[in-house]
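Some notes on the structure that comes next.
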Amino acid sequence: MQIKETPDMWALRLTKRLCIPEVKQAGQEYGRIIENAIASADLTPSGPWLFIAQNLPKTGKTPFDWAICRPIERPNEYRGAIELVHLEPIIVASAVHQGSLRTLFTQGYAPLVAEIERSRHVFSGESREIYHDWNGPGAAYHRIEIQFGLSR
């Protein structure tokens, strides 16, 4: 586990209330929409895709608020239909999962949550996944950074 501050960034964001099993489909659908918006507005991506969750549930049947974001270089002017947001830095507990999506929760989330719970840190309710190395939905290997916001 690493404690660090996230970078200050601007991003295009789409949001949805959904359950964990619905993230895959929403990510594919909303990702295409954001990619098209970036291309049509002549924007420049400045970082990897990230998913942001508010109060990520422990079960797959509980709905939660989810967002997909693509960091971009801050434009001088933007009038697109997709929300442009400023993501200010937050303090997070972070770990990198290297492997398949099937092991993301058991080998990525679970050990990080356990380590945070053993520490003196307190969850803020926000969590993020940063897709540093994404090789497609069925690939055996990805490099995904998991971050949990900390309130102290």
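Residues 18 to 169 (my numbering) make up the sequence shown, in order. Using N, Cα and C, we set each Cβ at its ideal position, and we do this for glycine too. Nothing here was measured: the structure is a model prediction, and the numbers come from that model.
Excluding the 5 residues preceding and the 5 following residue i in the sequence, name in chain order all residues of the same chain whose CB lies nearer than 8 Å to its CB.
i	result
P154	K41, Q45 and L118
H149	P65, V113, R160, I161 and E162
E143	I69, A70, Q71, I107, F165 and G166
Q19	A110, S111 and A112
What is the DSSP secondary structure of residue i, counted as helix, strand or coil?
i	result
V139	coil
A98	coil
P88	strand
Y148	strand
G125	helix
I133	helix
L118	helix
A156	coil
M26	strand
S111	strand
G166	strand
W83	strand
K21	strand
I67	According to the sequence as given, residue 67 is Leu; it is not Ile. Note: L67 maps to strand in three-state DSSP.
L73	coil
Taking residue i as the reference, give the member of the options with the closest Cα.
i	options	result
H138	G166, E162 and L101	G166
K21	V109, I147 and L104	V109
P24	K78, Q115 and I147	I147
P58	G97, M26 and A156	The question names Pro, but residue 58 in the sequence shown is Ala. Looking at the Cα atoms, G97 is the closest of the given residues.
N93	I85, L60 and I50	L60
If you drop the 5 nearest sequence neighbours on each side, which residues of the same chain put their C-beta closer than 6 Å to that of residue i?
i	result
V102	A28 and R30
Q164	V109, S111 and R145
Taking all protein chains shown into account, decide if residue i is buried (16 or more other Cβ within 10 angstroms of its Cβ) or exposed.
i	result
S168	exposed
Y47	buried
P88	buried
Tell me which same chain residues have a C-beta within less than 7 Å of the C-beta of residue i, skipping the five on either side of it?
i	result
Y126	I163
P80	R34, L35 and C36
What are the uninterrupted segments assigned as alpha helix (DSSP H) that are 4 or more residues long and contained completely in the stretch 30–64, given in chain order?
-> Counting whole runs of 4 or more residues, the stretch 30–64 contains the alpha helix (DSSP H) stretches 40–57.
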